[in-house]
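Asker:
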Amino acid sequence: MNDETVQPGMEETVLEAIREQAVLDSSLFLLAAGDERDVSLEAFGQDHPDQFLAPALSAKETVLLAAGLALSGRRVLVHSLSPLLVFQAYDAIRSAIAIPSLPVGFLLARAGFTGGEDGTLSQVLEDLAFLRVLPNVSVLVPSDSPSAGQLFREAVRAGGPFFLRLCKTPLPVLQRHDSAACQPGGASILREGDGVTLCACGTMVHEALKASTILSQQGIEAEVIDCYSVKPLPAQAITASVRRTGCCVVAEEHAAAGGLGGAIAELVSQSSPVPVKFVSVQDRFGQSGGAEELLEYYGLSFKEILSAASQAWTMRRR
Numbered sequence: 394m395n396d397e398t399v400q401p402g403m404e405e406t407v408l409e410a411i412r413e414q415a416v417l418d419s420s421l422f423l424l425a426a427g428d429e430r431d432v433s434l435e436a437f438g439q440d441h442p443d444q445f446l447a448p449a450l451s452a453k454e455t456v457l458l459a460a461g462l463a464l465s466g467r468r469v470l471v472h473s474l475s476p477l478l479v480f481q482a483y484d485a486i487r488s489a490i491a492i493p494s495l496p497v498g499f500l501l502a503r504a505g506f507t508g509g510e511d512g513t514l515s516q517v518l519e520d521l522a523f524l525r526v527l528p529n530v531s532v533l534v535p536s537d538s539p540s541a542g543q544l545f546r547e548a549v550r551a552g553g554p555f556f557l558r559l560c561k562t563p564l565p566v567l568q569r570h571d572s573a574a575c576q577p578g579g580a581s582i583l584r585e586g587d588g589v590t591l592c593a594c595g596t597m598v599h600e601a602l603k604a605s606t607i608l609s610q611q612g613i614e615a616e617v618i619d620c621y622s623v624k625p626l627p628a629q630a631i632t633a634s635v636r637r638t639g640c641c642v643v644a645e646e647h648a649a650a651g652g653l654g655g656a657i658a659e660l661v662s663q664s665s666p667v668p669v670k671f672v673s674v675q676d677r678f679g680q681s682g683g684a685e686e687l688l689e690y691y692g693l694s695f696k697e698i699l700s701a702a703s704q705a706w707t708m709r710r711r
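With the working numbering applied, the sequence shown has no gaps in its numbers, which climb one by one up to 711 at the end.
Right, here's the structure in full:
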């Protein structure tokens with residue numbers, strides 16, 4: 394990781410951004426799906442009682458309520474555990490939110506392995522695949538707290554439906570060379586290089602940076618791209634990079650099929666065909682364990698990125 398500074402977690406940062414937005418915009422309304430005992434959300438409700446509700450409803454019913462509020466002129470946010478929204482309410486999200494393109498944002502808490510101790514049913518490794526196929530929506534995966542806050546603000550400003558995947562574990566703050574805020578459709582080039590392109594999102598951005606340091610010592614200069622916008626994909630940044638390097642590695646805390654890796658493979662195959670290797674969960678469900686233990690167990694670390702980068706580099710097109 395390229396910065397030792399650790400800030401509050403993504404959820405805390407986004408909740409603070411919601412507080413700020415609620416003061417500026419009285420139409421903002423936060424729904425807590427299954428989170429009525431969350432102390433931070435309860436505190437928001439106490440401060441903004443006319444802009445908060447924790448209904449005793451299923452995830453699907455909460456999404457339908459969000460649609461109704463949006464149709465009445467509200468800018469709605471739905472905070473929920475990722476498995477509840479993605480699997481229990483998918484049809485409602487598609488029919489009631491995505492098709493009419495309503496201004497509803499979904500804050501996906503405990504995505505990936507960050508709900509590890511609760512076991513397989515609480516771990517969602519398929520969410521990006523499910524969500525990015527929906528027209529009209531943005532799918533965003535921040536890699537640190539500042540980017541989470543920026544992406545939230547920009548997505549709210551854009552006005553359409555969006556999904557913000559939040560990691561429970563606090564992550565070190567990344568040093569970004571550009572001053573522009575992270576936004577849907579954007580990307581951050583964290584390290585420049587012409588040997589191999591390393592595309593990653595979320596927690597895996599930090600592992601990609603670790604791998605890039607070791608690759609440099611081995612004579613391979615990796616370009617590291619934080620692809621925090623899975624949809625819309627930052628096509629220009631990715632295409633320009635793979636044309637320089639001639640090969641690519643995609644790392645994500647997600648199933649191998651359908652996520653960021655699938656999106657980049659689709660893009661590269663049509664624009665600049667180069668070898669692409671994937672570091673992701675290979676056709677397996679999760680299991681109980683600590684988040685860091687599970688990441689290591691399922692091969693989501695800088696070591697696997699190093700191996701994939703070395704393989705891609707030997708196959709690169711120049």
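Idealized CB from N, CA, C, for every residue including glycine.
Just the C-alpha distance for A551 and G612, rounded to the nearest angstrom, thanks.
Answerer: 42 angstroms
Asker: Going along the chain, which residues of its own chain have a beta-carbon closer than 6 angstroms to the beta-carbon of A701, five neighbours each way excluded?
Answerer: V642, K670 and V672
Asker: Bridge partners for K624 per DSSP, in chain order?
Answerer: V532
Asker: For T507, count the other beta carbons within 10 Å of its own beta carbon; 16 or more makes it buried, fewer makes it exposed. Which is it?
Answerer: buried
Asker: On the DSSP bridge list, what partners appear for E616?
Answerer: Note: E616 sits in a beta bridge opposite T590.
Asker: So G505 and G595 are in contact, right, with Cβ under 8 angstroms, and what is the actual spacing, rounded?
Answerer: 7 angstroms
Asker: Looking at G679: is its Cβ nearer than 8 angstroms to the Cβ of T513?
Answerer: yes
Asker: Comparing the CB of V517 with every heavy atom of the ligand HEM, is any distance shorter than 7 angstroms?
Answerer: Within the structure as shown, the ligand HEM is missing, as the structure has no ligands at all.
Asker: Measuring alpha carbon to alpha carbon, tell me which residue in P496, A425, R487 and E685 is nearest S451.
Answerer: Of the residues P496, A425, R487 and E685, the one whose Cα lies closest to the Cα of S451 is A425.
Asker: Taking buried to mean at least 16 other C-beta atoms within 10 Å of its own C-beta, is H570 buried or exposed?
Answerer: The residue is exposed, with fewer than 16 neighbouring Cβ atoms inside 10 Å.
Asker: Which residues does DSSP list as the beta-bridge partners of A644?
Answerer: A593 and V672
Asker: Which residue or residues does DSSP assign as beta-bridge partners of R677?
Answerer: Paired residue(s): none; R677 is not in a bridge.
Asker: In the structure shown, what three-state DSSP assignment does F555 receive?
Answerer: strand
Asker: For M394, count the other beta carbons within 10 Å of its own beta carbon; 16 or more makes it buried, fewer makes it exposed. Which is it?
Answerer: Low per-residue confidence applies at M394: pLDDT is 42, beneath 50, and the placement is therefore not dependable enough to give any value.
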